[in-house]
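For the record, the sequence lines run as chains A and B. So this note's numbering is basically just the index in the first sequence, starting at one, shifted up by 417. So this note's numbering is basically just the index in the second sequence, starting at one, shifted up by 417. Don't be surprised by glycine CBs; every beta carbon is placed ideally from N, CA and C.
There are 2 protein chains.
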Amino acid sequence: MTTPETADLFGKNKSVLITNVIHGDGPVDIFIDASETITDIGHDIRKRHRGEAEFIIDGDGALALPGLSNTHTHAAMSLLRGYADDMILQDWLNQKIWPLEAHLTGEDVYWGTKLACTEMIRTGTTAFNDMYFFMEDAARAVNEAGIRALLCYGFIDLGDAEKRERECKATEALVAHIRKKNNSRIRAAAGPHAPYTVSPEGLKWCAEFAHEQDIPLHIHLSETEKEVTDCVAQHGKRPAALLDECGVLTPKTIAAHGCWLDDAECALLGKRGVHVAHNPASNMKLATHRAMPYRELARAGANVCIGTDGCASNNNLDLFEEVKMAALLQKFFWNDPTILPAPAALAMATTNGAKALGFGTGTLDGGAPADLILVSTHLPCTTPLHNAASNLVYACSGAAVETTICNGRVLMLEREIPGEQEILTHAAHAAADLIRRAQTPA
Amino acid sequence: MTTPETADLFGKNKSVLITNVIHGDGPVDIFIDASETITDIGHDIRKRHRGEAEFIIDGDGALALPGLSNTHTHAAMSLLRGYADDMILQDWLNQKIWPLEAHLTGEDVYWGTKLACTEMIRTGTTAFNDMYFFMEDAARAVNEAGIRALLCYGFIDLGDAEKRERECKATEALVAHIRKKNNSRIRAAAGPHAPYTVSPEGLKWCAEFAHEQDIPLHIHLSETEKEVTDCVAQHGKRPAALLDECGVLTPKTIAAHGCWLDDAECALLGKRGVHVAHNPASNMKLATHRAMPYRELARAGANVCIGTDGCASNNNLDLFEEVKMAALLQKFFWNDPTILPAPAALAMATTNGAKALGFGTGTLDGGAPADLILVSTHLPCTTPLHNAASNLVYACSGAAVETTICNGRVLMLEREIPGEQEILTHAAHAAADLIRRAQTPA
Numbered sequence: 418m419t420t421p422e423t424a425d426l427f428g429k430n431k432s433v434l435i436t437n438v439i440h441g442d443g444p445v446d447i448f449i450d451a452s453e454t455i456t457d458i459g460h461d462i463r464k465r466h467r468g469e470a471e472f473i474i475d476g477d478g479a480l481a482l483p484g485l486s487n488t489h490t491h492a493a494m495s496l497l498r499g500y501a502d503d504m505i506l507q508d509w510l511n512q513k514i515w516p517l518e519a520h521l522t523g524e525d526v527y528w529g530t531k532l533a534c535t536e537m538i539r540t541g542t543t544a545f546n547d548m549y550f551f552m553e554d555a556a557r558a559v560n561e562a563g564i565r566a567l568l569c570y571g572f573i574d575l576g577d578a579e580k581r582e583r584e585c586k587a588t589e590a591l592v593a594h595i596r597k598k599n600n601s602r603i604r605a606a607a608g609p610h611a612p613y614t615v616s617p618e619g620l621k622w623c624a625e626f627a628h629e630q631d632i633p634l635h636i637h638l639s640e641t642e643k644e645v646t647d648c649v650a651q652h653g654k655r656p657a658a659l660l661d662e663c664g665v666l667t668p669k670t671i672a673a674h675g676c677w678l679d680d681a682e683c684a685l686l687g688k689r690g691v692h693v694a695h696n697p698a699s700n701m702k703l704a705t706h707r708a709m710p711y712r713e714l715a716r717a718g719a720n721v722c723i724g725t726d727g728c729a730s731n732n733n734l735d736l737f738e739e740v741k742m743a744a745l746l747q748k749f750f751w752n753d754p755t756i757l758p759a760p761a762a763l764a765m766a767t768t769n770g771a772k773a774l775g776f777g778t779g780t781l782d783g784g785a786p787a788d789l790i791l792v793s794t795h796l797p798c799t800t801p802l803h804n805a806a807s808n809l810v811y812a813c814s815g816a817a818v819e820t821t822i823c824n825g826r827v828l829m830l831e832r833e834i835p836g837e838q839e840i841l842t843h844a845a846h847a848a849a850d851l852i853r854r855a856q857t858p859a
Numbered sequence: 418m419t420t421p422e423t424a425d426l427f428g429k430n431k432s433v434l435i436t437n438v439i440h441g442d443g444p445v446d447i448f449i450d451a452s453e454t455i456t457d458i459g460h461d462i463r464k465r466h467r468g469e470a471e472f473i474i475d476g477d478g479a480l481a482l483p484g485l486s487n488t489h490t491h492a493a494m495s496l497l498r499g500y501a502d503d504m505i506l507q508d509w510l511n512q513k514i515w516p517l518e519a520h521l522t523g524e525d526v527y528w529g530t531k532l533a534c535t536e537m538i539r540t541g542t543t544a545f546n547d548m549y550f551f552m553e554d555a556a557r558a559v560n561e562a563g564i565r566a567l568l569c570y571g572f573i574d575l576g577d578a579e580k581r582e583r584e585c586k587a588t589e590a591l592v593a594h595i596r597k598k599n600n601s602r603i604r605a606a607a608g609p610h611a612p613y614t615v616s617p618e619g620l621k622w623c624a625e626f627a628h629e630q631d632i633p634l635h636i637h638l639s640e641t642e643k644e645v646t647d648c649v650a651q652h653g654k655r656p657a658a659l660l661d662e663c664g665v666l667t668p669k670t671i672a673a674h675g676c677w678l679d680d681a682e683c684a685l686l687g688k689r690g691v692h693v694a695h696n697p698a699s700n701m702k703l704a705t706h707r708a709m710p711y712r713e714l715a716r717a718g719a720n721v722c723i724g725t726d727g728c729a730s731n732n733n734l735d736l737f738e739e740v741k742m743a744a745l746l747q748k749f750f751w752n753d754p755t756i757l758p759a760p761a762a763l764a765m766a767t768t769n770g771a772k773a774l775g776f777g778t779g780t781l782d783g784g785a786p787a788d789l790i791l792v793s794t795h796l797p798c799t800t801p802l803h804n805a806a807s808n809l810v811y812a813c814s815g816a817a818v819e820t821t822i823c824n825g826r827v828l829m830l831e832r833e834i835p836g837e838q839e840i841l842t843h844a845a846h847a848a849a850d851l852i853r854r855a856q857t858p859a
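Take a look at the structure:
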C-alpha cells in the first residue's frame with residue numbers, strides 16, 4: 418500500500434501524496450507538503466505532485482475524512498478503565514474514583530494521557546478537549562503523541578476562598594507553561610469544573626481570566642437533574658443563567674453534557690454562541706435519565722459537538738461509537754427516528770468539533786491543517802457503501818480507521834503506530850501501581 | 418504467532434493447541450482434537466498435547482471466550498446496510514425496504530448472508546438466529562462460512578387463508594430441506610413473523626408444527642407500542658397473552674424485542690421459559706421509546722439474550738457493540754446505573770444466547786463444541802485490564818477479536834479470513850444490482 422521506507426515517515430514532516438481516496442462526491446488525491454497543511458486536493462492531481470512527494474500512500478479507495486475532534490474528555494482516566502462500573506454515581510465517586518485520584522501523580526497522568534492519545538490515534542481522533550490534573554504532564558504526553566489538545570486544569574473551589582486562590586494560581590501556571598512551550602498543537606483553556614463545584618466568585622474569575630488571556634473555557638453543565646435542583650435551591654436560578662451572570666457563556670466556551678437544559682437555557686446557550694459537547698455513552702452508563710436536547714440546542718444556534726467523557730465512565734475514546742450512540746440516543750429519547758441523521762451526527766465529530774476546539778481543522782480544503790484520517794472500504798462495515806455517512810456513523814467503529822495524520826505527520830499507517838506496545842505496557846503498569854498505592858494503608 | 422502452514426488450517430478439522438490464553442481466573446491452554454470439541458482445557462496442559470497437535474496457535478495472552486450467539490437477525494439485510502436511515506418506520510418500510518425486498522432473489526440472499534457471516538466471524542459471533550426469505554440460499558451461505566445458524570422462513574399470512582396455506586408449505590419445505598442436509602451446524606425453526614402479521618390460525622399452526630417437529634420457534638414480539646394497542650383493540654388482549662393462547666410460548670421459543678412487555682407479560686414469558694432477544698441498537702434507531710424490561714424478565718426467569726436485528730436497522734452485526742448498548746440503555750432508561758452489570762451483559766451473548774439457540778455451545782468446558790474466540794489484550798481497549806468483563810463489554814468492539822473458531826475449525830486467524838475480499842466484492846455488486854432492478858420501471 419505504501420512505499421517501503423515507512424520508518425522514515427512516522428511522526429516527521431515529509432511531503433506525502435495520498436492517492437485514490439474518496440472524499441465528497443468521488444475519488445481524489447491529496448498532497449501534503451512539509452508545511453503541515455493540505456497543499457492540494459482534487460481529482461487525479463497525482464500527476465502534478467508525484468515528483469515532489471517524498472512518500473506516496475496508496476489510499477486504495479479509503480474514505481478520507483478530517484481528523485475527528487473529541488470535545489470533552491479526561492484523557493488520563495484511561496488508567497481507570499474498567500476499575501469500577503455499574504455503581505450508583507455517588508458510591509462510584511466516593512468509594513472508587515476519588516480515593517484512587519487522591520494517589521495520582523504527574524507520572525500517572527503522563528502515562529494515562531499517552532495511552533489515551535494512542536487510542537485516539539487508533540480510532541481517528543486528532544484533537545481533544547481535556548480537563549484533569551497534572552496538566553503539564555498531560556501536555557508532555559500530547560506533544561510526544563503528535564495530536565492536538567486543548568488542556569485545562571480542573572478548577573474546583575467548593576466555595577472556599579483559600580482553595581480558590583490556589584486554583585487560580587494553578588490555572589495561571591498551566592496557561593503560562595503551555596504558552597511558553599509555543600507548540601501550535603497544544604493550547605490552554607480555563608477549566609472551572611462545574612457550577613456545583615465552583616463558587617460564583619471562582620466562575621467569574623475564570624471567565625475574566627479566559628477573556629483576558631483570549632483562551633477558551635471548558636466546563637461541565639447540567640449533567641444530572643440533582644445539579645439543577647440544587648442550583649435552583651442555592652442560587653434561585655438554573656445553572657445556565659448562573660453561568661451567564663458570571664460571564665462564563667461566550668463563543669469560546671465549551672459546555673459538556675447539558676442533559677437537563679430546559680428550552681430557555683438552550684435559547685441562552687444559542688444566543689451566546691456556546692459549544693455544547695454531547696456525551697451519550699457516559700450519560701447512559703451513569704443513568705442521567707434525560708438526553709441532551711439536541712434539537713432545541715441546534716435550533717437555537719448552539720454548536721453541538723461530541724465527547725467521550727473519561728474512560729472511567731464510557732469506557733473508551735472511540736468517537737465513531739460515540740456518534741452512533743448520539744444518533745441512536747437522540748432518536749430513542751426524543752421519540753423521533755428522524756432526529757440527528759447520519760450527516761449531522763458525523764458533523765458533530767468533524768466540522769462542529771473542530772469549530773469548538775479552534776485549531777482550524779475539520780475540513781480537507783486546500784490550505785487547511787493536514788489533519789486527516791483514512792477509513793478502509795475493504796471491510797464488512799463499509800460494504801455495501803450506499804451512503805458513506807451512514808456507514809461511518811451506523812456501521813463502523815474506530816477500528817475501521819487505517820491511517821491517521823495530524824499536522825502533516827503520519828501517526829498511524831495501515832493500523833501501525835510505532836511504539837504502541839511499549840506505551841500500553843507502561844500504562845498498564847502505572848494503573849496497577851496506582852491501585853496498589855491506593856489500597857496500601859497509610 | 419502461529420506455525421507457518423496456515424493455508425492448511427483454515428476451515429479444516431485439524432487438531433489445534435492454543436497456548437497462553439486467559440479464561441476465568443488465569444492463563445490456560447486449550448486443546449481441540451479433530452472431533453470438533455474442546456478435548457482439554459487447563460493450566461499448562463500444553464506439555465501433554467504438543468505431540469498430538471497438528472497446529473499450535475500462540476494465544477499471546479488473549480482473552481478466550483465462547484463464540485458469541487446473535488439471537489435475532491435478518492442476515493441477508495446486510496445488502497441494505499445504509500440504504501435508508503433516519504426515517505419514520507412506516508415511510509422507511511413502505512418507501513424503501515419493502516420495494517427493495519420485492520426484487521430480492523435467492524442469489525441476493527446467498528450473497529447477503531455470506532457478507533453477514535463474514536462480519537460475524539470478524540466480530541466473534543459463531544451462531545445466529547435468522548428469519549428471512551430464500552432460506553435455502555441462506556443455508557448454503559452458512560454452510561460455506563463454517564458458522565452455526567438457526568434458520569426460519571418469515572411466515573406472514575396477514576389473515577389471508579390462501580396465503581397461510583402457501584406459508585405453511587414454505588415452512589415445511591425449509592424444515593425438510595435443512596433436515597435432509599444433515600449438517601449439525603444448521604438447524605431449522607418455525608418463524609411466525611409477529612402477532613400483528615400472522616393470524617391466530619397461522620400462529621397455532623406454527624406452534625403445532627414446531628412441537629411436532631421438535632424445533633424452535635422464532636417470532637417478533639411487542640417491538641412498538643402500536644403493535645400492543647392494535648392487538649388489544651383487535652383481540653381484546655395483549656400480544657403475549659394472544660401468543661400463549663395459540664401455544665406459541667414454550668422453552669423452545671425465541672421472542673425478539675419485547676420493548677413494550679408489561680409486568681404480567683414478563684411473568685408469563687418467565688413461566689413459559691421463553692428466550693427473549695434484546696435488540697437495543699435497532700430499538701433506539703427506530704425510536705421504540707421504551708427499553709425491554711430486562712430486570713422484570715430476568716426476575717421472572719425468562720432467558721434474556723441479545724440480538725443485532727438486521728443491518729437495515731442497526732447497521733452492523735457486532736455483538737460487542739450490542740452488549741454495550743444493552744448495558745447502557747438499560748441503565749439509562751430504567752434510571753439505575755446498577756442494572757445489567759458487565760458480567761450479566763456479557764452472559765447475554767455467551768451462556769444465555771447459546772442456551773436459546775440450542776447448539777450446546779456457550780462454554781469452554783472440556784467436551785463442549787469447539788466454538789471459541791480470542792480477544793487481543795494488546796490493544797488500548799484491553800489496557801489496563803482491571804476486570805476483563807468490563808473491558809469486553811464497555812471498551813472493546815468486535816474488532817478486538819483476532820481469532821474465531823467454530824465447530825473445531827479455524828475461520829479467522831490473526832484477523833485474516835480467507836476469501837473475505839471476494840465475498841465483499843460480490844456482496845457489493847449484488848446490493849448495487851438489487852437497487853438498480855428496484856429502481857428500473859417495469
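Given that P754 (chain A) touches chain B, what residues does it touch there, using C-beta distances under 8 Å?
Here residue 754 (chain A) is taken as the residue at index 337 of the first sequence, counted from 1. Simply D503, M504, I505, L506, W509, K702, L703, A704.
Please report the distance separating the alpha-carbon of P668 (chain A) from that of D631 (chain A).
In the first sequence, residue 668 (chain A) corresponds to position 251, counting from 1. In the first sequence, residue 631 (chain A) corresponds to position 214, counting from 1. The alpha-carbon atoms of P668 (chain A) and D631 (chain A) are separated by roughly 11 Å.
Hey, would you say A544 (chain B) sits closer than 9 Å to N487 (chain B), going by beta carbons?
As a working mapping, residue 544 (chain B) is identified with position 127 in the second sequence. As a working mapping, residue 487 (chain B) is identified with position 70 in the second sequence. It is a contact, given that the beta carbons lie within the stated cut-off.
Going by C-alpha distance, which of B:A451, B:L485, B:L434, B:A481 is nearest F887 (chain B)?
Nothing about residue 887 (chain B) can be reported from this structure: the residues present for chain B run from 418 to 859 only.
Looking at the C-beta of P801 (chain A), does it have a partner C-beta in chain B at a distance below 9 Å?
Counting from one through the first sequence, the residue named residue 801 (chain A) turns up at place 384. For P801 (chain A), the answer is yes, since a Cβ of chain B falls inside 9 Å of its Cβ.
Within the same chain, show all residues whose beta-carbon is closer than 7 Å to that of A787 (chain B), passing over the 5 residues directly before and after it, in chain order.
Against the second sequence, residue 787 (chain B) aligns to sequence position 370. Correct list, in chain order: I449, E453, T454, I455, I822, N824, G825.
In the DSSP assignment, what are the bridge partners of F545 (chain B)?
As a first step, residue 545 (chain B) must be located in the second sequence, where it is residue number 128. For F545 (chain B), which the question treats as bridged, DSSP gives the partners B:N487, B:A566.
Determine the burial state of E833 (chain A): buried for a count of at least 16 other Cβ atoms within 10 Å of its Cβ, exposed for fewer.
The sequence position of residue 833 (chain A) within the first sequence is 416, counting from 1. Its Cβ having fewer than 16 others within 10 Å, E833 (chain A) is exposed.
Determine, using beta carbons only, whether L746 (chain B) and S495 (chain B) come nearer to each other than 9 Å.
Taking the second sequence and counting its residues from 1, one reaches residue 746 (chain B) at position 329. Taking the second sequence and counting its residues from 1, one reaches residue 495 (chain B) at position 78. No. Outside cutoff.
I think A673 (chain A) touches H489 (chain A), with their Cβ atoms under 8 Å apart; what is that distance to the nearest whole Å?
As a first step, residue 673 (chain A) must be located in the first sequence, where it is residue number 256. As a first step, residue 489 (chain A) must be located in the first sequence, where it is residue number 72. The pair is a contact, with the Cβ atoms about 4 Å apart (cut-off 8 Å).
Could you give the DSSP three-state label for C648 (chain B): helix, strand or coil?
For the purposes of this step, residue 648 (chain B) is taken as residue 231 along the second sequence, with counting starting at 1. DSSP places C648 (chain B) in helix when its eight states are reduced to three.
How big is the Cα-Cα spacing for R498 (chain B) and S807 (chain A)?
Counting from one through the second sequence, the residue named residue 498 (chain B) turns up at place 81. Counting from one through the first sequence, the residue named residue 807 (chain A) turns up at place 390. Looking at the backbone, the Cα of R498 (chain B) and that of S807 (chain A) are separated by about 8 Å.
May I ask you to list the residues that DSSP assigns as paired with F472 (chain B)?
Stepping through the second sequence from its first residue, residue 472 (chain B) is reached at position 55. According to DSSP, F472 (chain B) bridges with B:V433.
Among the residues of its own chain, which have a CB less than 6 Å from the CB of A684 (chain B), if the five just before and after it don't count?
Numbered from its first residue, the second sequence carries residue 684 (chain B) at position 267. Result list for A684 (chain B): A717, in chain order.
Under 9 Å, do F749 (chain A) and H706 (chain B) count as touching if we go by C-beta distance?
As a working mapping, residue 749 (chain A) is identified with position 332 in the first sequence. As a working mapping, residue 706 (chain B) is identified with position 289 in the second sequence. Result yes, Cβ atoms of F749 (chain A) and H706 (chain B) sit closer than 9 Å.
Indicate the three-state DSSP secondary structure (helix, strand or coil) for R832 (chain B) in the structure shown.
Start at 1 with the first residue of the second sequence, and residue 832 (chain B) comes out as number 415. The answer is coil: DSSP assigns R832 (chain B) none of H, G, I, E or B.
What residues of chain A sit near Q838 (chain B), judged by a beta carbon separation below 8 Å?
The residue labelled residue 838 (chain B) in the question sits at position 421 within the second sequence. Ordered by position in chain A, the residues that pass the 8 Å Cβ test against Q838 (chain B) are H795.
Do D547 (chain A) and A519 (chain A) count as a contact pair if the criterion is CB distance below 9 Å?
Working through the first sequence from its first residue, we reach residue 519 (chain A) at position 102. Working through the first sequence from its first residue, we reach residue 547 (chain A) at position 130. For A519 (chain A) and D547 (chain A), no; Cβs fall outside 9 Å.
Can you list, in chain order, the residues of the segment 525-542 of chain A whose Cβ is nearer than 7 Å to any Cβ on chain B?
L532, T535, E536, R539
Since H695 (chain A) sits in a beta bridge, which residues does DSSP pair it with?
If you number the first sequence from 1, residue 695 (chain A) lands on position 278. According to DSSP, which records beta bridges pairwise, H695 (chain A) is partnered with A:I723.
Could you give the distance in angstroms between the alpha-carbon of M829 (chain A) and the alpha-carbon of G428 (chain A)?
The residue labelled residue 829 (chain A) in the question sits at position 412 within the first sequence. The residue labelled residue 428 (chain A) in the question sits at position 11 within the first sequence. Whole-angstrom Cα-Cα distance: 9 Å.
Taking the straight line between their C-alpha atoms, what separation do you get for L426 (chain B) and A470 (chain B)?
Your numbering for residue 426 (chain B) matches position 9 in the second sequence. Your numbering for residue 470 (chain B) matches position 53 in the second sequence. For L426 (chain B) and A470 (chain B), the gap between their C-alpha atoms comes out near 12 Å.
Grouping DSSP H, G and I as helix and E and B as strand, with all else coil, what is L638 (chain A)?
Looking up residue 638 (chain A) in the first sequence gives position 221. Reduced to three states, the DSSP call for L638 (chain A) is strand.
With distances taken Cα to Cα, identify the nearest neighbour of M552 (chain B) among B:A657, B:E524, B:L532.
Against the second sequence, residue 552 (chain B) aligns to sequence position 135. Comparing Cα-Cα distances from M552 (chain B) to each of B:A657, B:E524, B:L532, the minimum goes to B:E524.
Compare the Cα-Cα distances from L474 (chain B) to each of B:E625, B:I790, B:D680, B:K621 and report the closest residue.
Residue mapping note: residue 474 (chain B) aligns to position 57 of the second sequence, counting from 1. Sequence check: residue 474 (chain B) is Ile here, not Leu. Selected option, being the one with the closest Cα: B:I790.
Compare the C-beta of M742 (chain A) against all C-beta atoms of chain B and say whether one is closer than 9 Å.
Counting from 1 along the first sequence, the entry for residue 742 (chain A) is found at position 325. With 9 Å as the cut-off, M742 (chain A) counts as an interface residue toward chain B.
Just list the residues that DSSP pairs G459 (chain B) with in beta bridges.
Residue 459 (chain B) sits at position 42 when you count from the first residue of the second sequence. Residue pairing from DSSP places G459 (chain B) in a beta bridge opposite B:D446.
Would a C-beta distance cut-off of 9 Å place V691 (chain B) and A658 (chain B) closer than the cut-off?
Residue mapping note: residue 691 (chain B) aligns to position 274 of the second sequence, counting from 1. Residue mapping note: residue 658 (chain B) aligns to position 241 of the second sequence, counting from 1. Not in contact: V691 (chain B) and A658 (chain B) (Cβ atoms no closer than 9 Å).
Taking Cβ-Cβ distances shorter than 7 Å, what residues in chain B pair up with Y500 (chain A)?
Residue 500 (chain A) sits at position 83 when you count from the first residue of the first sequence. Near Y500 (chain A) (Cβ distances below 7 Å), the residues of chain B are H803.
Is S807 (chain A) close to chain B, meaning its C-beta is less than 9 Å from at least one C-beta of that chain?
If you number the first sequence from 1, residue 807 (chain A) lands on position 390. By this cut-off, S807 (chain A) is an interface position.
Please give the ranges of any alpha helix (DSSP H) in the segment 745-772 of chain B, keeping only runs that are unbroken, at least 4 residues long and fully inside the region.
759-766
Three or more C-beta pairs closer than 8 Å, one from the segment 839-851 of chain B and one from the segment 529-542 of chain B: is that the case here?
Because the criterion of three Cβ pairs below 8 Å is met, the segment 839-851 of chain B and the segment 529-542 of chain B touch.
Looking at E837 (chain B) and the ligand PLP, is the gap between the Cβ and the nearest heavy atom below 8 Å?
Of the ligands one can find in the structure shown there are none, so the ligand PLP has no counterpart to examine.
Are P633 (chain B) and L774 (chain B) touching if we call contact CB-CB under 9 Å?
Walking along the second sequence from the start, residue 633 (chain B) turns up at place 216. Walking along the second sequence from the start, residue 774 (chain B) turns up at place 357. A contact, by the Cβ cut-off of 9 Å.
Below 9 Å on C-beta distance, what does K643 (chain B) contact in chain A?
As a working note, residue 643 (chain B) is residue 226 in the second sequence. Chain A residues near K643 (chain B): none, gap ~12 Å exceeds 9 Å.
Give every residue of the same chain whose Cβ lies closer than 6 Å to the Cβ of L714 (chain B), excluding the five residues on either side of it in the sequence, and list them in chain order.
Your numbering for residue 714 (chain B) matches position 297 in the second sequence. Excluding five sequence positions before and after L714 (chain B), the CB atoms of its chain that fall closer than 6 Å to its own CB belong to C683, V693, V721, given in chain order.
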